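Peer 1:
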Amino acid sequence: MALPRFTTFVCTAALLLGGAAAQAASGNSNNNAHQMRGDMQQRRAACAQMPEASRAPCLREIGAAAQAARSGDLSSPGDNTYERNAMARCEVFKTQQDQAACQARMRNSPASGSVDGGGVLREATITVPARQ
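Below, the structure is given as structure tokens:
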């Protein structure tokens, strides 16, 4: 029962952050501020519809997103961000060979599965010559 509430909260927070990022990126600052206030009111109304346990974090997230948008710290992730994160996950491997294999899997290998199914599996085939 708690998982659907949490999922709803996470989705709402993502929408809030995305909306705030779009607001921060728009041109006219006066119009932007007016739109931002209207959007915040809509988001607060959406938070009011949430269960009480999720309401306070939702409102905090709206405030944090608005503050970040005003200061210009709010940005949306791009393709480069995803690639950097994927490569950073490979840093856990100790040897250069293992890190290189991990990076190859992240860049070029076929993937199967899903997050809902427990994870995304990446496959790589490495041919090692037989000893002579």
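Numbered per mature numbering (1 follows the signal peptide of the UniProt record, and there is no 0), the sequence shown spans residues -24 to -1, 1 to 108. The beta-carbon is built from N, C-alpha and C at its ideal position, and this holds for glycine as well. Predicted model, so just to flag it, every value in this text is computed and none were measured.
Note down the Cα distance separating Asp49 from Gln25, rounded to an integer number of angstroms.
Peer 2: Position 73 of the sequence shown, counted from the first residue, corresponds to residue 49. Position 49 of the sequence shown, counted from the first residue, corresponds to residue 25. So the alpha carbons of these two residues sit roughly 28 angstroms apart.
Peer 1: Whether or not the region 32 to 46 and the region 13 to 22 are in contact is what I'm after, with contact meaning three or more pairs of Cβ atoms, one per stretch, closer than 8 angstroms; do they touch?
Peer 2: Yes, since at least three Cβ pairs between the region 13 to 22 and the region 32 to 46 fall closer than 8 angstroms, the two stretches touch.
Peer 1: Could you pull the start and end residues of the beta strand (DSSP E) that Ala87 belongs to?
Peer 2: In the sequence shown, the residue the question calls residue 87 occupies position 111. Here the beta strand (DSSP E) through Ala87 covers Ala87 to Ser90.
Peer 1: What ranges does the alpha helix (DSSP H) occupy inside the region 23 to 103, keeping only unbroken runs of at least 4 residues that lie completely in it?
Peer 2: Segments of the alpha helix (DSSP H) lying fully in the region 23 to 103: 28 to 47, 55 to 65 and 72 to 84.
Peer 1: Please classify Ala42 as buried or exposed, where buried requires at least 16 other C-beta atoms within 10 Å of its C-beta.
Peer 2: The residue labelled residue 42 in the question sits at position 66 within the sequence shown. It counts as buried.
Peer 1: Does the Cβ of Ser30 have 16 or more other Cβ atoms within 10 Å, making it buried, or fewer, making it exposed?
Peer 2: Within the sequence shown, residue 30 is the residue found at index 54, counting from 1. It is buried - the Cβ of Ser30 has at least 16 other Cβ atoms within 10 Å.
Peer 1: Quick test of the definition: if touching needs 3 or more C-beta pairs under 8 angstroms, does the region 60 to 67 touch the region 76 to 85?
Peer 2: At 8 angstroms Cβ cutoff, the stretches touch.
Peer 1: According to the neighbour-count rule (16 or more other Cβ atoms, all chains shown, within 10 Å of its Cβ), is Ala45 buried or exposed?
Peer 2: Residue mapping note: residue 45 aligns to position 69 of the sequence shown, counting from 1. Buried is the call here.
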